[in-house]
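Residue numbers (the working numbering): 22 to 286.
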C-alpha cells in the first residue's frame, strides 16, 4: 500500500452523538484547511448500554453513509457482561483498561456469534451497510475471534493490527488512540501519542482512532488535530477501513498470517 490514513470514530450512538458531532466537525475543519476531502469510518453500536438506536438516529446514519462515510458494527451493547474475570490481569484489562466496556472480552463462541448476528440483522433490516466489525476496546476472547472470522465481514481490527477477513491475514497498523477519563490519562495520552505518531511515520497505514470525548478536552483535541494535519501535509491518502480491506485483498502475498488472535494488541 501507499501511505494511507484512516480516521475512525468509535462508540457512535444516539447518546454519544452530540460529542461525536463535535469530533467530526474538528476533523472536517482540519481536512478543509489542508484542502483534503476526508470521510470517516464510524463504529456504530446498535444498543449502547442496552438503549436501542432511535428512528431519527437511523435516518442520520443513512444520510452519513450516503455522504460517503463508512459504517461498521461496533459490538451490540458495548457493555462487558461476560463471565467474571479469571485472573487479576484479566480483571485489570476488562475493568480498568476498558471501564467495563469490552463486550466481547470473555464471551464464548455461541454468545459472541449470537450478538454479532443480532447486530448484522439490525443493520440489514434498516438498510445500513456494514462491511466490518470492530469489537469494543478491540477485546476479543479466542472464541469471539472465531465467531468474527466466520461472520462474513470484510475486516476487523485489534489495537495493533488490521485483519482481512475471512481468514487470519493481517497488516501491522498500530492505532493512535487517546484516553480522556482522567487528567493524568489525558496527559499521558498526549505525550505517548505525540511520540507514537512520529514513530509511525513510515507505516503504510496510520489509524487515528477517536472517541466521542476527544473533542471536549483542548489539550487532547490539539494533539490529535495536529497529528491529522501533519499526516495530510505529508501526503497520506485518506481511506476508510473498508477501502483498506479491498486494497489489501489484492495484495495478500504481502500480509502476515496470524496463528492465533489478539485480545488488546
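For glycine and all other residues, C-beta sits at the position ideal for the given N, C-alpha and C.
Where does the unbroken beta strand (DSSP E) through residue 263 begin, and where does it stop? Taken as a continuous stretch (DSSP letters only), residue 263 belongs to no beta strand (DSSP E), being part of the alpha helix (DSSP H) at 262-270.
Could you tell me whether the region 82-89 touches the region 163-181, where touching means 3 or more Cβ pairs closer than 8 angstroms? no
Hey, quick one: how far does the beta strand (DSSP E) through residue 190 stretch, first residue to last? 190-193
Span separating the alpha-carbon of residue 263 from that of residue 169: 16 angstroms
Please confirm whether residue 40 and residue 234 have their CB atoms less than 8 angstroms apart. yes
Just to confirm, are residue 185 and residue 226 a CB contact at a threshold of 8 angstroms? no
Test item: CB-CB of residue 191 and residue 202 under 8 angstroms: no
As assigned by DSSP and simplified to three states, the class of residue 256: coil
By Cβ distance below 8 angstroms, which residues in the same chain neighbour residue 211 in space, the five residues on each side in sequence not counted? 199, 240, 241 and 244
6 angstroms CB neighbourhood of residue 52 in its chain, flanking five on each side removed: 59
From the DSSP output, in three-state form, read off residue 77 for me. helix
What are the residues that DSSP puts in a beta bridge with residue 178? 183
For residue 88, I'd like the list of residues in its chain whose CB is within less than 6 angstroms of its CB, leaving aside the five on either flank, ordered along the chain. none
Can you confirm whether residue 174, when its beta carbon is compared against all beta carbons of chain C, has any partner nearer than 8 angstroms? The chain inventory of the structure shown lacks chain C, comprising one protein chain alone.
So, at 6 angstroms on beta carbons, what are the nonlocal neighbours of residue 63 in its own chain, with the 5 sequence-adjacent residues on each side left out? 30, 33, 90 and 92
Cross-strand partners of residue 153 (DSSP beta bridge): 176
Within this structure, are the beta carbons of residue 97 and residue 124 separated by less than 8 angstroms? yes
Three-state secondary structure (DSSP) of residue 227: strand
Mind checking whether residue 228 and residue 194 have CB atoms under 8 angstroms apart? yes
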